[in-house]
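S.K.:
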Amino acid sequence: MPAHAAVPVATRPAWTWRLLPALAVCLAAPAFFVLLTPWLAWVLLAVGVGAALLIERREAFERPPSTDAAGDGIRRPSLTRDLSLIAVGLLVVSVIPLKAELDNLAFLRFTLALGGAVVVPYVLSRWVYRDYAIRFPWRGGGRWTKFQWSWLVAVLVLGWLILPFYFITSGVYMNWPVVDTPDLIARLFVGVGAVGIWDELFFICTCFALLRRHFPDWQANILQSIVFVSFLWELGYQAWGPFLTIPFALLQGFIFMKTRSLAYVVTVHLLFDAVVFAVLVHAHNPGILDGWFLV
259 MPAHAAVPVA
269 TRPAWTWRLL
279 PALAVCLAAP
289 AFFVLLTPWL
299 AWVLLAVGVG
309 AALLIERREA
319 FERPPSTDAA
329 GDGIRRPSLT
339 RDLSLIAVGL
349 LVVSVIPLKA
359 ELDNLAFLRF
369 TLALGGAVVV
379 PYVLSRWVYR
389 DYAIRFPWRG
399 GGRWTKFQWS
409 WLVAVLVLGW
419 LILPFYFITS
429 GVYMNWPVVD
439 TPDLIARLFV
449 GVGAVGIWDE
459 LFFICTCFAL
469 LRRHFPDWQA
479 NILQSIVFVS
489 FLWELGYQAW
499 GPFLTIPFAL
509 LQGFIFMKTR
519 SLAYVVTVHL
529 LFDAVVFAVL
539 VHAHNPGILD
549 GWFLV
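Those letters in the sequence shown? Residues 259 to 553, by this note's numbering.
(1) Spatial neighbours of residue 399 within its chain, please: CB distance less than 7 angstroms, with the 5 preceding and 5 following residues excluded, ordered by chain position.
(2) Among 500, 309 and 370, which residue has its Cα nearest to the Cα of residue 430?
(3) Under three-state DSSP, which class holds residue 496?
(4) Please confirm whether residue 477 and residue 461 have their CB atoms less than 7 angstroms apart.
(5) So, under 8 angstroms CB-CB, residue 304 and residue 295 are touching, yes? Tell me the CB distance rounded to an integer number of Å.
(6) Quick one: grab the DSSP three-state call for residue 435.
(7) For residue 270 and residue 526, what's the separation of their Cα atoms in angstroms?
(8) Output needed for residue 358: all residues of its chain with C-beta closer than 6 angstroms, excluding positions within five of it in sequence on either side, in chain order.
(9) Quick check on residue 475: does DSSP put it in helix, strand or coil?
(10) Specify the secondary structure class of residue 300 as computed by DSSP and reduced to three states.
(11) Where residue 407 and residue 301 are concerned, what is the direct C-alpha to C-alpha distance, given to the nearest angstrom?
(12) Quick test of your reading: residue 551 and residue 540, contact by CB under 8 angstroms. State the CB separation rounded to the nearest angstrom.
(13) Give me the residue from 444, 366, 416 and 347 with the minimum Cα distance to residue 380.
(14) Exposed or buried, which one is residue 450 when buried takes at least 16 other CB atoms within 10 Å?
(15) Identify the continuous alpha helix (DSSP H) that holds residue 464 and give its terminal residues.
(16) Between the region 375 to 395 and the region 506 to 513, can you find at least three pairs of beta-carbon atoms closer than 8 angstroms?
(17) Relative to the C-alpha of residue 463, which candidate in 283, 415, 497 and 521 has its C-alpha closest?
(18) Taking the alpha helix (DSSP H) that residue 445 belongs to, which residues open and close that run?
(19) Can you name the start and end residues of the alpha helix (DSSP H) that residue 381 belongs to?
(20) With DSSP as the reference, label residue 308 as helix, strand or coil.
(21) With a CB to CB cut of under 8 angstroms and the five nearest residues on each side skipped, what residues in its chain are close to residue 553?
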């Protein structure tokens, strides 16, 4: 089943006990990346995956193994397996500090940890669980519509209006290193773009896609946004940043659901991050880009 394909609605009731273990696993993200309390995150992951296992064993005892809890003859994907994939990804990311740095060692650290958070769940899903739950549908829904092209322009305009005010008036631009040489500016450009692409690979194509196999789209989107926004918090989007990152995370999930296109959500993200990059350069180098922004 493709990662973007939804499980039939009849098998995804809005409110079940299955939601609690999924919430526990997703709440491990703010424990890791906001509270910086690893032991609490480990407990939440263990409770979430363990509770999913108990729920599924109880369901298996109460019904024939070839049907779901609704009795419609459709086999449910394993919640325990899917939550374990999200948990593994979070554990891999959590092994490094997410403070933005631009030296070679930091680039290597981010490459191994963030890359591993995507690769390890994918390998487990494909070759251990053999359910192909994680996929990366690059083209997805076909040619982009006029509305989709218009939204790309809107992203640039909104970013230009909002991001300078956010970064500069809140002072959060200081969470990123000073970039005052061509080499550092180039490294910032590569780093911001690479992390933006990774965001979509992990939060959308992995977390959101796995959660959609079990819960209605709106619930899965809220759950993935908890993980998405928590990561961005430690990365540097602090102060009142969640008022921006929460809508962004929800929109990215919604756009992926509608377009079924990784290429499109990556393009949206990279355009937004291009403005982030320009604002960071502007904030650290007053006078260089003053004519570009209102703040």
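Note that CB positions come from ideal geometry on N, CA and C, so glycine has one too.
Keep in mind it's a predicted model, so treat the numbers as computed, not measured.
M.R.: Taking the geometry as given:
(1) 517, 518 and 519
(2) 500
(3) coil
(4) no
(5) Not really, about 14 angstroms apart at Cβ, beyond 8 angstroms.
(6) coil
(7) 29 angstroms
(8) 434 and 494
(9) helix
(10) helix
(11) 44 angstroms
(12) 6 angstroms
(13) 347
(14) buried
(15) Unbroken run through residue 464: none, as it is neither H nor E.
(16) no
(17) 521
(18) 440 to 457
(19) 362 to 381
(20) helix
(21) 422, 423, 426 and 427
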